[in-house]
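So for the sequence shown, my numbering puts the first residue at 2; every next one is plus one.
Idealized CB from N, CA, C, for every residue including glycine.
Quick notes on the structure that follows.
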Amino acid sequence: MTDDPADEPAAAQPPEPSPSEEQPLDRRAELSEFLRSRRARLTPEDVGLPRYGHRRRVPGLRREELSQLAGVSAAYYTRLEQGNGRNVSAEVLEAIARALRLSDAEYAHLLHLAKPKRHKVRRAAAQKVRPGLRGLLHTLEGVPAYVVGRRSDILAWTRAAAAVFGDWGELPARERNWARLVFLREDYRDLFVDWEGKAADVVSYLRMDAGCYPDDPRLSSLVGELSVKSDDFRGLWAAHDVKEKGFGAKVLNHPLVGEMTLSYETLRLPEDQDQALVVYHAEPDSPSAESLRLVTGWGADATRAGEAARRA
2 MTDDPADEPA AAQPPEPSPS EEQPLDRRAE LSEFLRSRRA RLTPEDVGLP RYGHRRRVPG
62 LRREELSQLA GVSAAYYTRL EQGNGRNVSA EVLEAIARAL RLSDAEYAHL LHLAKPKRHK
122 VRRAAAQKVR PGLRGLLHTL EGVPAYVVGR RSDILAWTRA AAAVFGDWGE LPARERNWAR
182 LVFLREDYRD LFVDWEGKAA DVVSYLRMDA GCYPDDPRLS SLVGELSVKS DDFRGLWAAH
242 DVKEKGFGAK VLNHPLVGEM TLSYETLRLP EDQDQALVVY HAEPDSPSAE SLRLVTGWGA
302 DATRAGEAAR RA
């Protein structure tokens, strides 16, 4: 690790998955499960339909009710929910999205699943961060910022990010991944005060990635590993929630200074939509701003210093 993490070469790809791990996600099953999960969250009352009978065999809307709302035949919608979206039109998908009250992110996910674009996954090629972007990170003194790529991989970061989130440079490239950090590391459960919210965000981003790249063996391997090792991940993955969250705030319980609130902005790179620059900041002249100044002053040693002080 160099003195400045932003100067470090792009993280190497993890070792190739074994043949048993290289099975891609089943796009038809993903489409089927996503539509069923969205239908299950609506009731007839939600969409202005009368409820017939007191006992319903399925949660949420029936297929017939959903097809009525969308203006398509029940047989046509049933074929789509069974994963057969090959010949479905954009107009029909839009009508179904309106009937299901999908968000923009959910609608985009539906389009990716039903009418996928063929992405050629180059297994040997690592994601690279442009030299100009690395140079920008180098100038962000005292600013926690990082570049995140496919599968929630952390590709480059500032010294301040290492101070706030831990020294990622000490980790193998495979472990520099938000999903693995959040679900498999106890210290990250302690770091995020609203760990459940952070975990849900991470899974929703992976779901979006899976919709765009269902044939990616590394992604399916990651999902399989986390499903085995984490009950929390398995439950969130089964919920099929997707969303794009470009900004917000996180309350962190840093081992050196305790709680501090940092706002963040996510800037998707125009020339590479698979990478985003995430920048954190504290409200000027706030207690969190002072805490952030103290933490970043320690650099990558901040977490270790805080943990040592707590043990003393």
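- When the Cα atoms are used, residue 248 and residue 195 turn out to be separated by approximately 16 Å.
- Taking the Cα of residue 176 as reference, the smallest distance to any Cα among 164, 165, 156 is reached at 156.
- DSSP lists 263 as the beta-bridge partner residues of residue 251.
- If you draw a straight line from the Cα of residue 255 to the Cα of residue 43, it comes to about 40 Å.
- Per the coordinates, the alpha-carbon of residue 209 lies some 9 Å from the alpha-carbon of residue 109.
- The C-beta of residue 178 has 16 or more other C-beta atoms within 10 Å across all chains shown, which makes the residue buried.
- Under the DSSP definition of a beta bridge, residue 279 partners with 147, 267.
- Proximity to residue 142 across 187, 163, 237, 127 peaks at 163, based on C-alpha coordinates.
- Within the same chain, no residue comes within 6 Å of residue 105 by CB-CB distance, once the 5 residues on both sides are set aside.
- The C-beta of residue 246 has fewer than 16 other C-beta atoms within 10 Å across all chains shown, which makes the residue exposed.
- If you look at residue 157, you'll find it in the beta strand (DSSP E) that goes 155 to 158.
- At a Cβ-Cβ threshold of 8 Å, residue 207 and residue 180 count as neighbours.
- Around residue 251, the same chain offers 263 as residues with beta carbons nearer than 6 Å, after the five sequence neighbours per side are excluded.
- A Cβ-Cβ contact shorter than 8 Å links residue 82 with residue 36.
- When the five nearest sequence neighbours on each side are left out, the beta carbons in the same chain lying within less than 6 Å of the beta carbon of residue 295 are those of 258, in order along the chain.
- In the three-state scheme derived from DSSP, where H, G and I count as helix and E and B as strand, residue 273 is classed as strand.
- Burial state of residue 76 is exposed, judged by a 10 Å Cβ sphere holding fewer than 16 other Cβ atoms.
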